[in-house]
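Student:
There are 4 protein chains.
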Amino acid sequence: MSTAHEHPLDRANPLAAIEAAAAAVRNWGRWRDEDVLGTLNFIDDAKRAEAAGLIRRGTSFSLAQSFDGDGPQNGWRRRTNPVHTMLDTGADAALGNQGFPHGLGGADDVVSMPLQASTQWDGLGHIFDRGLAWNGRPAETVVTSEGDLVTGIEHTKDSFVSRGVLLDVGALLGASLGTPGELPDGYAITPDDLDATIAAQGPSAAVGRGDLLLVRTGRLARARREGWKDYAGGPSAGLSFTTAGWLHSREVAGVATDTWGFEVRPNEFDDAFQPLHQIAIPNMGLSIGELWDLDALAGDCSRDGRFDFFLVAAPIPFTGAVGAPVNPIAIK
Amino acid sequence: MSTAHEHPLDRANPLAAIEAAAAAVRNWGRWRDEDVLGTLNFIDDAKRAEAAGLIRRGTSFSLAQSFDGDGPQNGWRRRTNPVHTMLDTGADAALGNQGFPHGLGGADDVVSMPLQASTQWDGLGHIFDRGLAWNGRPAETVVTSEGDLVTGIEHTKDSFVSRGVLLDVGALLGASLGTPGELPDGYAITPDDLDATIAAQGPSAAVGRGDLLLVRTGRLARARREGWKDYAGGPSAGLSFTTAGWLHSREVAGVATDTWGFEVRPNEFDDAFQPLHQIAIPNMGLSIGELWDLDALAGDCSRDGRFDFFLVAAPIPFTGAVGAPVNPIAIK
Amino acid sequence: MSTAHEHPLDRANPLAAIEAAAAAVRNWGRWRDEDVLGTLNFIDDAKRAEAAGLIRRGTSFSLAQSFDGDGPQNGWRRRTNPVHTMLDTGADAALGNQGFPHGLGGADDVVSMPLQASTQWDGLGHIFDRGLAWNGRPAETVVTSEGDLVTGIEHTKDSFVSRGVLLDVGALLGASLGTPGELPDGYAITPDDLDATIAAQGPSAAVGRGDLLLVRTGRLARARREGWKDYAGGPSAGLSFTTAGWLHSREVAGVATDTWGFEVRPNEFDDAFQPLHQIAIPNMGLSIGELWDLDALAGDCSRDGRFDFFLVAAPIPFTGAVGAPVNPIAIK
Amino acid sequence: MSTAHEHPLDRANPLAAIEAAAAAVRNWGRWRDEDVLGTLNFIDDAKRAEAAGLIRRGTSFSLAQSFDGDGPQNGWRRRTNPVHTMLDTGADAALGNQGFPHGLGGADDVVSMPLQASTQWDGLGHIFDRGLAWNGRPAETVVTSEGDLVTGIEHTKDSFVSRGVLLDVGALLGASLGTPGELPDGYAITPDDLDATIAAQGPSAAVGRGDLLLVRTGRLARARREGWKDYAGGPSAGLSFTTAGWLHSREVAGVATDTWGFEVRPNEFDDAFQPLHQIAIPNMGLSIGELWDLDALAGDCSRDGRFDFFLVAAPIPFTGAVGAPVNPIAIK
């Protein structure tokens, strides 16, 4: 099923493919010169009000992986797992070490972490294409050592509320690929695969304007079973470079997956690094979510046959951040 | 209006008051011995489904303050403001310093911060009463140097979804107190004040089982106007110690305010430190939110006369944390 | 005594003064194109062997200020004081929380800090002059988001061992300026002042090739008495811009002071920021030390009349750092 | 040569061995009740003055390993490698992003790290024996969540200056063990081995009161050749548990090695964890150094036949720290 239609790939010529795809999906100027939201502009109040109608049972699902030292990060580009330490503890409270009156005791804590250590949204300042950031701004004027001065994640603090749709490609295709429930490493999910999954899942899986699309590969389920190993940066199923046009034409507001890197790895060119990011973030202005945990939600969707839901996935609005942790909540 | 009915205070005898209030509202064993959620148990699917009906226009409000170095923290008990630094920048991308192929550039970042530096939920392991944590567990077995081994915030990752209700006490009482729109420092909000606000705001402000109650004092509005000064730890309006019984009898799931410390400061006893925390967290099992930004939401509620809404306030689920940052989203 | 001879200052024209001073003292190419040490090249084995002869009594003096949360940093340019937290404690050990066998208990800790939070050496990559770093290298090729790729402080790890000389200008001039033992804020120490101090202190205070020069203003003594206040970044005595030539001609290897900023503040031009840094670091290649505690050593030197000593001031060699903490040890 | 004389080991009964060894070498009360220095008390001015006579050529050797993200830490007990990030860079300076006048540009940086991530001294609060810290103090009163309130490393800030002696056991015994220049993993260095090394190296290797003893196993040399692998926490040569008495009787002030853990690993009992630490730190009050780089110094000592030198190894005096980074400088 991995036949790519929209942008057939010449593995040996990534730059030409990148140039063509970028030109085809570029949204610069689509909203306004000052825009800092990109495809989040597809979400409006009407969209959110309509999505609220998807809440029936009232069941909530956290789509966050854990945030702790036992995570997938391995130091690549200085990304470590969160280091959580205590400023005060119950042990000290019990021993009377704290100096509070009348039996009050307290515990307090700090964390040190890369903002993309675990479940996160990439900000629009996370990736540049040939020196340019979202909306065509020079990268060096957008993200300096002081952070993202223009498109910091704080601008999206109330934006990530919309209809969510889960496409469980791993469940649909895994069995036929010899890995039931999961896609094998290196499997590039094509536009046809997305369409086939929608068709198989039924009308609740239709994808359209303003949706937050969640694509499950099963990669996290495997990591949970076998250990993290090279979950971060290593081989994985993921979206094909050829899905750029599909995502563009559906006018999705954001896309998240249960993988480290959103797109397939190894990438589909002989020499490239995350080329779909290069198209999606600076050119389309698409918000990308990574390291999400879609397994419990997928199980529920499979059981009740409904693959859409109300989704609130509001990142912590660190000023100037190019990515931020999020505890996404799907409600059915 | 500051007449306290339920627990008249003897300023000189805090321990007796603490003992009495703790006994009156203690929820230990109410759910089960293994309980790690406390009053969040008041929220169930039916409550959430009903709350979803409050979404009409589809407008979303982030109730998060900013997360950056310009925050209120002043070093007290080693709480600093977040330090956000970059691992990669657009400047380096533009200068070709990064080594990625085909024009891809990237930015990445890290943060070091106390978990309660800005908008947050206290975890149930945050406060102890005479050596005991929530549900009567010995503090030293719950929160060690490795974190909260029992009631870590990760257990609540899908819990904070319910009906929210805003009581804008600052708006109601500020004018008559000489501080229009805001309560003066040291003002203790009593049960009568809460009832009066509900009465003034009308039926949408009724408070009941499973609600997430937001109490606006106006303290943040003043900090925004005048600078942080001693917002963290200094004098402030806040809930009176005497509201413990009111909160208990209404069976609220959580309470958050626009102040640093939730309860009035200075505290209402000659010698005490955050005595309402000591009642609410370890005894009631009540989730407390602090440093929220309720101003935009309050303006909207005032305009349309509806003070309840769907609230998703899911903290980042740091494993073993005794508090965690949150970007709360109210949707009307 | 504040008459500047070598570079008379036109307060209104800092750029001309900076250009002239930079040209006058520039050491680019003096050693070799690949040089990463600057004036530390003035120290050689013979110098160190000779300096060892200054050890007579065997008394050692740490010249480090404390490293903790009660330091001078105030958040300016995101410089905070060190945050020190525990990974394990004696409290947990005593309570049996650690799981080690046979009664072993342990404590462990972490720190998060700016590298120049307390007593430190500036690295050669800390300051640039019109886009150029030490030895004329383009700044953007030297210090990227990955750190100082060329002149990182690790290259100096065995260099800071030499004869130290203390010039206690505060002790000499303070009384006549109305601040006994200390210089008043804004006092610019001139070449004449340095010469006068040497003359007053006697032959052991002579300054020459390869020396590590310590200049005491008394600013720290005042902070110790009055609190930090604006010790970091505020007004202070310090070296005059006009000392660049003096330092250059004496061929000192490094200079450290008991102030935050080494040079006088406010700076001596109507509009400028640390112009002596701009001359000394990228042009001379001079190592600058800040936030040193010279008080105990000064007392001893005053008592025995000997102002030189063996000095070992080896920074922690963080790879790629543009500054690093040091615990300097003077031995007499 | 691994015959242990002083404390023959019963592998099956570590607690009895620990009790006996602790009693045999315990220095509690040897100096004074308030003592916070332990065996560093063996160093006095006369010792330092005498040691200064060992400086002949003036050559200095840094004994620090590197401090960066490519270090040996692997997350065990939350110990990570240092994370170094930039607050400002040359790239931003070159692009004019910084706002300083007249062409001044700057770079600045921060670090987040465990204090024992790389070359370090253990503090006296690092290890406890059956609930007691150095000098018999209850562990829970010494090291709380606020750090070491009694024996913090800051008390030693001017202490680590003395005669250093290198015993290159790896060089002496490696060849006969089949690993030339290095000891094999699990090799326990006995008192006899130490004596044999002294005998082989000659009079300059004599070990006595107040010396800082450096024992080279060759473990780091192997890590340099083969990669870190399990350098941190894994198998390694190191001091035998049986050396406690030898170290005690020689009255050394401190001992450091080129390994992660100072003592042999796996430990010499069937079930134990770092039992020599348990004897040496809380009972003897011995300062232990780990992760030192002794290779260049060892080469020099071998060439000139002199194994003693002046050693200045002053840790960064973090207030309340139970360990601290150090850049030790040996001068010959």
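Chains as they are written, first to last, in the numbering used here: chain A, 1 to 332; chain B, 333 to 664; chain C, 665 to 996; chain D, 997 to 1328.
Quick reminder that beta carbons are idealized off the backbone N, C-alpha and C, glycines included.
Within this structure, are the beta carbons of residue 220 (chain A) and residue 293 (chain A) separated by less than 8 Å?
Tutor: For the purposes of this step, residue 220 (chain A) is taken as residue 220 along the first sequence, with counting starting at 1. For the purposes of this step, residue 293 (chain A) is taken as residue 293 along the first sequence, with counting starting at 1. Yes. Within cutoff.
Student: So, under 8 Å CB-CB, residue 725 (chain C) and residue 960 (chain C) are touching, yes? Tell me the CB distance rounded to an integer number of Å.
Tutor: For the purposes of this step, residue 725 (chain C) is identified with residue 61 of the third sequence, where counting begins at 1. For the purposes of this step, residue 960 (chain C) is identified with residue 296 of the third sequence, where counting begins at 1. Rounded, the Cβ-Cβ distance is 6 Å, consistent with contact.
Student: Just checking: is the beta-carbon of residue 421 (chain B) within a distance shorter than 8 Å of some beta-carbon in chain A?
Tutor: Residue 421 (chain B) sits at position 89 when you count from the first residue of the second sequence. Yes, because at least one Cβ of chain A sits closer than 8 Å to the Cβ of residue 421 (chain B).
Student: Report yes or no: do the region 729-746 of chain C and the region 1112-1128 of chain D share at least 3 C-beta pairs separated by less than 8 Å?
Tutor: The region 729-746 of chain C vs the region 1112-1128 of chain D: no contact.
Student: Are there 16 or more other CB atoms within 10 angstroms of the CB of residue 1143 (chain D), so buried, or fewer, so exposed?
Tutor: Sequence index remark: in the fourth sequence, residue 1143 (chain D) carries index 147 (1-based). Buried.
Student: Please work out which residues of its chain come closer than 7 Å, Cβ to Cβ, to residue 1083 (chain D), disregarding the five sequence neighbours upstream and downstream, and give them in chain order.
Tutor: Start at 1 with the first residue of the fourth sequence, and residue 1083 (chain D) comes out as number 87. So the list reads 1104, 1105 and 1106, once near-sequence residues are dropped.
Student: Which one of D:1311, D:1283 and D:1267 has the shortest CA to CA distance from residue 763 (chain C)?
Tutor: Taking the first residue of the third sequence as 1, we reach residue 763 (chain C) at position 99. The shortest C-alpha separation from residue 763 (chain C) is found at D:1267.
Student: In whole angstroms, what is the alpha-carbon distance linking residue 1255 (chain D) and residue 649 (chain B)?
Tutor: Numbered from 1 along the fourth sequence, position 259 holds the residue referred to as residue 1255 (chain D). Numbered from 1 along the second sequence, position 317 holds the residue referred to as residue 649 (chain B). Cα to Cα, residue 1255 (chain D) sits roughly 37 Å from residue 649 (chain B).
Student: Opposite residue 418 (chain B) in the DSSP bridges: which residues?
Tutor: Taking the first residue of the second sequence as 1, we reach residue 418 (chain B) at position 86. Beta-bridge pairing links residue 418 (chain B) to B:441 and D:1082.
Student: With a Cβ-Cβ cutoff of 8 Å, do residue 264 (chain A) and residue 240 (chain A) count as a contact?
Tutor: Counted from its first residue, the first sequence places residue 264 (chain A) at position 264. Counted from its first residue, the first sequence places residue 240 (chain A) at position 240. It is a contact, given that the beta carbons lie within the stated cut-off.
Student: With a threshold of 8 Å between beta-carbons, can residue 104 (chain A) be considered close to chain C, or not?
Tutor: Here residue 104 (chain A) corresponds to residue number 104 of the first sequence, with the count starting at 1. No, residue 104 (chain A) lies away from the interface with chain C (no Cβ there is under 8 Å from its Cβ).
Student: Taking Cβ positions only, does residue 309 (chain A) come closer than 8 Å to chain B?
Tutor: Indexing the first sequence from 1 puts residue 309 (chain A) at position 309. Answer no: the Cβ-Cβ gap between residue 309 (chain A) and chain B never drops below 8 Å.
Student: Using a cut-off of 8 Å between C-beta atoms, extract the partners of residue 374 (chain B) located in chain A.
Tutor: Position 42 of the second sequence, counted from the start, is the residue given in the question as residue 374 (chain B). Here the premise fails: no neighbours, minimum Cβ distance about 14 Å.
Student: Please report the residue range of the alpha helix (DSSP H) in which residue 913 (chain C) lies.
Tutor: In the third sequence, counting from the first residue as 1, residue 913 (chain C) sits at position 249. Segment 908-914, the alpha helix (DSSP H) holding residue 913 (chain C).
Student: Using CA coordinates, which residue listed in C:913, C:797 and C:931 is at the minimum distance from residue 852 (chain C)?
Tutor: Indexing the third sequence from 1 puts residue 852 (chain C) at position 188. Nearest of C:913, C:797 and C:931 to residue 852 (chain C), Cα basis: C:931.
Student: Counting only Cβ pairs nearer than 7 Å, list the residues of chain C close to residue 424 (chain B).
Tutor: In the second sequence, counting from the first residue as 1, residue 424 (chain B) sits at position 92. By Cβ distance, chain C contributes 808 and 809.
Student: Just the C-alpha distance for residue 232 (chain A) and residue 73 (chain A), rounded to the nearest angstrom, thanks.
Tutor: The residue labelled residue 232 (chain A) in the question sits at position 232 within the first sequence. The residue labelled residue 73 (chain A) in the question sits at position 73 within the first sequence. Their Cα atoms are separated by approximately 6 Å.
Student: Go to residue 918 (chain C), then tell me how far its beta strand (DSSP E) extends in each direction, as first and last residue.
Tutor: In the third sequence, residue 918 (chain C) corresponds to position 254, counting from 1. Looking at the DSSP string, the run of the beta strand (DSSP E) that includes residue 918 (chain C) is 918-921.
Student: Is residue 747 (chain C) close to chain B, meaning its C-beta is less than 8 Å from at least one C-beta of that chain?
Tutor: The sequence position of residue 747 (chain C) within the third sequence is 83, counting from 1. Yes, its Cβ sits closer than 8 Å to a Cβ of chain B.
Student: Between residue 644 (chain B) and the rest of its own chain, which residues show a CB-CB distance below 6 Å, the 5 nearest in sequence each way excluded?
Tutor: Locating residue 644 (chain B) in the second sequence gives position 312, where the first residue counts as 1. For residue 644 (chain B), where only same-chain residues beyond five positions count, the Cβ hits under 6 Å are 493 and 661.
Student: Sorted by chain position, which residues of the same chain lie with C-beta nearer than 6 Å to residue 907 (chain C)'s C-beta, five sequence neighbours on each side aside?
Tutor: Your numbering for residue 907 (chain C) matches position 243 in the third sequence. Around residue 907 (chain C): 855.
Student: How about residue 145 (chain A) and residue 1152 (chain D): are their beta carbons less than 8 Å apart?
Tutor: Against the first sequence, residue 145 (chain A) aligns to sequence position 145. Against the fourth sequence, residue 1152 (chain D) aligns to sequence position 156. Against a cut-off of 8 Å, the Cβ pair of residue 1152 (chain D) and residue 145 (chain A) comes out as no contact.
Student: Quick one: complete alpha helix (DSSP H) runs, 4+ long, within the region 1017-1042 of chain D?
Tutor: As far as the region 1017-1042 of chain D is concerned, it has no whole alpha helix (DSSP H) run of at least 4 residues.
Student: Between the Cα of residue 541 (chain B) and the Cα atoms of B:506, B:566, B:515 and B:579, which residue gives the shortest distance?
Tutor: By one-based count along the second sequence, residue 541 (chain B) stands at place 209. Selected option, being the one with the closest Cα: B:579.
Student: For chain A, is any of its Cβ atoms less than 8 Å away from the one on residue 761 (chain C)?
Tutor: To locate residue 761 (chain C), count along the third sequence from 1; it is residue 97. Cβ-Cβ to chain A under 8 Å: yes for residue 761 (chain C).
Student: Looking at the unbroken alpha helix (DSSP H) that takes in residue 299 (chain A), where does it start and where does it end?
Tutor: For the purposes of this step, residue 299 (chain A) is taken as the residue at position 299 of the first sequence. From DSSP, the alpha helix (DSSP H) with residue 299 (chain A) extends over 295-304.
Student: What residues of chain B sit near residue 1108 (chain D), judged by a beta carbon separation below 7 Å?
Tutor: Here residue 1108 (chain D) refers to the residue found at position 112 of the fourth sequence. The answer, in chain order, is 444.
Student: Which same chain residues end up closer than 6 Å to residue 635 (chain B) when comparing Cβ atoms and leaving out the 5 residues on each side of it in sequence?
Tutor: Here residue 635 (chain B) corresponds to residue number 303 of the second sequence, with the count starting at 1. Excluding positions up to five away in sequence, the list is empty.
Student: Could you list which residues in chain A have their beta carbon closer than 7 Å to that of residue 1082 (chain D), in chain order?
Tutor: As a first step, residue 1082 (chain D) is located in the fourth sequence; it is residue number 86 there, counting from the start. Within 7 Å Cβ-Cβ: 145.
Student: Any beta carbon of chain C sitting closer than 8 Å to that of residue 397 (chain B)?
Tutor: Taking the first residue of the second sequence as 1, we reach residue 397 (chain B) at position 65. It does not; no Cβ of chain C falls within 8 Å.
Student: Going by DSSP, what residues sit across from residue 1259 (chain D) in a beta bridge?
Tutor: As a working note, residue 1259 (chain D) is residue 263 in the fourth sequence. Bridge partners of residue 1259 (chain D): D:1235.
Student: For residue 903 (chain C), go through chain D and note every residue whose CB falls closer than 8 Å to its CB, in chain order.
Tutor: As a working note, residue 903 (chain C) is residue 239 in the third sequence. Within chain D, no residue comes near residue 903 (chain C); the closest Cβ sits about 16 Å away, beyond 8 Å.
Student: Name, in chain order, the residues that DSSP records as bridge partners for residue 724 (chain C).
Tutor: Numbered from its first residue, the third sequence carries residue 724 (chain C) at position 60. BP columns for residue 724 (chain C) point to C:995.
Student: Check whether the region 46-55 of chain A touches the region 192-202 of chain A, taking contact to mean three or more Cβ pairs, one atom from each stretch, closer than 8 Å.
Tutor: No, the region 46-55 of chain A is not in contact with the region 192-202 of chain A.
Student: What is the C-beta distance between residue 899 (chain C) and residue 850 (chain C), in whole angstroms, given that I count them as a contact (C-beta under 8 Å)?
Tutor: Within the third sequence, the letter at position 235 stands for residue 899 (chain C). Within the third sequence, the letter at position 186 stands for residue 850 (chain C). That pair is a contact at about 5 Å.
Student: Please identify, using Cβ separations under 7 Å, the residues of the region 1147-1159 of chain D that lie next to chain C, in order along the chain.
Tutor: Residues passing the 7 Å Cβ filter: 1150, 1153, 1154 and 1157.
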